[in-house]
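These notes are about the structure you will find just below.
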Amino acid sequence: MTTLTLKSSRQQPLRPLIEAALENELRVLDAGIRRTEERLRAFEEKYTLSSDEFLRLVEQDALPETMETIEWLGELRLLERLREKANTLREIQFAN
């Protein structure tokens, strides 16, 4: 577990400001996740192939490397990173 202590020379409490900033970042990440999931669905519909099956085929070198397969793989990696960041933010707890 990581602990973070913040200090400010201002009289204004930091907690509401930090909470609002984290909530805003989480909204941005969630919007990015939705957009990425939409792009992945478009690939899946176009190729009638789930992303899991696509990954399996990529790992087996069973697909040609095209601009679309590179983009699909990139979207999958992006989704993974966005979800990791969002989950990290959701796990933050404020100590009293």
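So the sequence shown is numbered by the numbering used here: it starts at -14 and just counts up by one. Using N, Cα and C, we set each Cβ at its ideal position, and we do this for glycine too. Keep in mind that this is a model prediction, so the values were computed, not measured.
Practice task
Would you tell me roughly how many angstroms separate the C-alpha atoms of S(-7) and I18, rounded to the nearest one?
Solution key: 33 Å
Practice task
To the nearest angstrom, report how far apart L63 and Q(-4) are at their CA atoms.
Solution key: 40 Å
Problem - Buried versus exposed, by CB contacts within 10 Å (16 or more), T21 - result: buried
Practice task
Verify whether the separation of the beta carbon atoms of L67 and L11 is less than 7 Å.
Solution key: no
Problem - Where D46 sits in the DSSP three-state scheme - result: coil
Exercise for the section: Kindly indicate which three-state DSSP category I77 falls into: helix, strand or coil? Expected result: coil
Problem - Every unbroken alpha helix (DSSP H) inside the segment 12 to 45 [4 residues or more] - result: 36 to 44
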